[in-house]
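Presented below is the structure to which this report refers.
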Amino acid sequence: MPRAGGQHPMARAYHLISADSHILEPPHLWKQYMPRKFHDKAPRVVPDGEGGEAWQFGPDTPPAPIGIYASAGRKHADVRWTGVTFAEANQGNFRAEPRLAEQDIDGVDAEVLFGSARMMSHFFSDPDPEFQRAGVQAYNNWIAEEFVKVAPDRLIGLACMPALGVEESIREMERCLRLGVRGVWLNTMPSVGPAIRPEDDRFWDAAQALGAPVHFHVRVMRQLQKPRPKGVRGDDLTGLATVGARDMIVDMAEIIQSGVHDRFPALVWVAVETGCGWIPYLLEQLDDRWWRNRSWLPIKLKHEPSFYFRRNWRAAFMIDRYAVMNRHVIGVEN
0 MPRAGGQHPM
10 ARAYHLISAD
20 SHILEPPHLW
30 KQYMPRKFHD
40 KAPRVVPDGE
50 GGEAWQFGPD
60 TPPAPIGIYA
70 SAGRKHADVR
80 WTGVTFAEAN
90 QGNFRAEPRL
100 AEQDIDGVDA
110 EVLFGSARMM
120 SHFFSDPDPE
130 FQRAGVQAYN
140 NWIAEEFVKV
150 APDRLIGLAC
160 MPALGVEESI
170 REMERCLRLG
180 VRGVWLNTMP
190 SVGPAIRPED
200 DRFWDAAQAL
210 GAPVHFHVRV
220 MRQLQKPRPK
230 GVRGDDLTGL
240 ATVGARDMIV
250 DMAEIIQSGV
260 HDRFPALVWV
270 AVETGCGWIP
280 YLLEQLDDRW
290 WRNRSWLPIK
300 LKHEPSFYFR
310 RNWRAAFMID
320 RYAVMNRHVI
330 GVEN
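Once you know that position 101 of the sequence shown is 100 in numbering that gives the first Met the number 0, the rest is easy, because the numbers rise by one and skip nothing.
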């Protein structure tokens with residue numbers, strides 16, 4: 000085991016790892032890590048109108064309160080969308096040392112860290128590629144510098160990939176792995192297409208060669224969107240309950256049927272915050288439809304679809320008793 004950084008020099012065995020943990024981007028991130036010429040367009044902290052603070056993404060976007068994103072460590076009755084400031088928020092949301100102390104309290108040996116999709120959507124949806132590049136690199140530099148470097152064996156950072164095409168993503172992946180991150184987080188396909196395409200193969204090839212697992216958080220974005228704070232206020236129970244399984248069941252099926260796992264057999268793919276209870280059904284149906292129609296399907300797979308899931312995929316869930324009940328069907332190691 001590598002030694003942890005900071006004040007945590009003792010090596011430890013891994014017993015419990017959180018596969019899907021989040022940070023809350025701190026107020027200083029964008030001004031400290033982005034070039035000055037972009038500060039006017041960068042997200043900034045403003046009052047939320049109810050005694051708390053919010054991110055202002057742009058003049059045509061309502062402020063996005065930090066409350067629900069700063070809920071870690073709070074009693075359920077105290078979790079709210081508005082009325083929370085960065086000073087009041089649990090400091091482990093955006094500082095490494097308090098985060099490590101909280102890991103010790105919770106009995107967690109390490110966490111895989113994701114940023115917020117709504118924050119990165121601000122950069123993805125901007126028409127200026129230089130601004131998007133600067134924003135993505137700012138986030139990646141921050142997570143590497145202020146989290147990963149402090150305790151690289153406990154704070155497992157992922158690099159957010161830009162939505163600027165395959166070559167741009169390869170360069171950013173290579174750069175970030177040199178900074179110490181352990182994998183990549185994709186919001187779109189590398190080619191920024193609506194689904195996986197042959198053009199993406201150059202990225203998968205590079206990721207496999209570098210040993211960088213590919214993570215999709217909740218879903219693959221089919222088109223670039225601006226942040227929509229009013230649309231994610233928690234009043235849509237249907238969306239909250241179904242979005243991960245609803246989208247990833249299609250994303251995973253498309254990826255498997257593309258034949259990418261035959262071309263890059265060592266690349267690891269991770270579906271995060273999607274639940275897992277639906278996976279046995281998907282694999283059963285894919286195998287059945289492949290077997291019935293394999294003589295004429297244009298995509299020729301070397302193995303049945305479920306083989307690729309068990310060899311190449313990992314999936315993470317929060318509350319999913321049916322996944323636990325079916326863990327041997329899904330694959331405990333998956």
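Glycine included, C-beta positions come from ideal geometry on N, C-alpha and C.
Limits of the unbroken beta strand (DSSP E) element including residue i
{"i": "residue 312", "result": "312–314"}
{"i": "residue 213", "result": "213–216"}
Residue i - containing alpha helix (DSSP H), residue span
{"i": "residue 260", "result": "259–262"}
{"i": "residue 27", "result": "It is not in any alpha helix (DSSP H) - residue 27 carries neither H nor E in the DSSP assignment."}
{"i": "residue 131", "result": "128–142"}
{"i": "residue 256", "result": "236–256"}
Local conformation of residue i per DSSP, three classes
{"i": "residue 79", "result": "coil"}
{"i": "residue 203", "result": "helix"}
{"i": "residue 47", "result": "coil"}
{"i": "residue 298", "result": "coil"}
{"i": "residue 54", "result": "strand"}
{"i": "residue 268", "result": "strand"}
{"i": "residue 277", "result": "coil"}
{"i": "residue 113", "result": "strand"}
{"i": "residue 23", "result": "coil"}
{"i": "residue 178", "result": "helix"}
{"i": "residue 331", "result": "coil"}
{"i": "residue 322", "result": "helix"}
{"i": "residue 120", "result": "helix"}
{"i": "residue 86", "result": "coil"}
{"i": "residue 304", "result": "helix"}
{"i": "residue 64", "result": "strand"}
{"i": "residue 40", "result": "coil"}
{"i": "residue 91", "result": "helix"}
{"i": "residue 208", "result": "helix"}
{"i": "residue 221", "result": "coil"}
{"i": "residue 73", "result": "coil"}
{"i": "residue 309", "result": "helix"}
{"i": "residue 197", "result": "helix"}
{"i": "residue 59", "result": "coil"}
{"i": "residue 334", "result": "A query on residue 334 cannot be resolved here, the shown segment of the chain reaching from 0 to 333 and no further."}
{"i": "residue 125", "result": "coil"}
Environment of residue i [buried if 16+ CB atoms lie within 10 Å]
{"i": "residue 230", "result": "With a pLDDT of 45 at residue 230, under the threshold of 50, the modelled position of this residue cannot be trusted, and the question is left open."}
{"i": "residue 345", "result": "An answer regarding residue 345 cannot be provided, because it is not within the stretch 0 to 333 covered by the chain."}
{"i": "residue 311", "result": "buried"}
{"i": "residue 284", "result": "exposed"}
{"i": "residue 166", "result": "exposed"}
{"i": "residue 31", "result": "exposed"}
{"i": "residue 33", "result": "buried"}
{"i": "residue 51", "result": "buried"}
{"i": "residue 0", "result": "Its pLDDT being 31, under 50, residue 0 is placed unreliably in this model, and the value from its coordinates should be taken loosely. So residue 0 ends up on the exposed side."}
{"i": "residue 92", "result": "buried"}
{"i": "residue 295", "result": "exposed"}
{"i": "residue 129", "result": "exposed"}
{"i": "residue 265", "result": "exposed"}
{"i": "residue 126", "result": "exposed"}
{"i": "residue 197", "result": "exposed"}
{"i": "residue 241", "result": "exposed"}
{"i": "residue 297", "result": "exposed"}
{"i": "residue 304", "result": "buried"}
{"i": "residue 62", "result": "buried"}
{"i": "residue 138", "result": "buried"}
{"i": "residue 292", "result": "exposed"}
{"i": "residue 109", "result": "buried"}
{"i": "residue 208", "result": "exposed"}
{"i": "residue 42", "result": "buried"}
{"i": "residue 250", "result": "buried"}
Strand pairing of residue i, partner residues [DSSP]
{"i": "residue 16", "result": "109"}
{"i": "residue 100", "result": "Answer is none; residue 100 lacks a bridge partner."}
Beta carbon proximity, residue i to chain C, threshold 9 angstroms
{"i": "residue 69", "result": "The structure shown contains no chain C; it is built from a single protein chain."}
Could I get the ranges of all uninterrupted beta strand (DSSP E) runs contained in the region 144–193, with 3 residues as the minimum, in chain order? Counting only runs of 3 or more, we get 154–159, 182–185.
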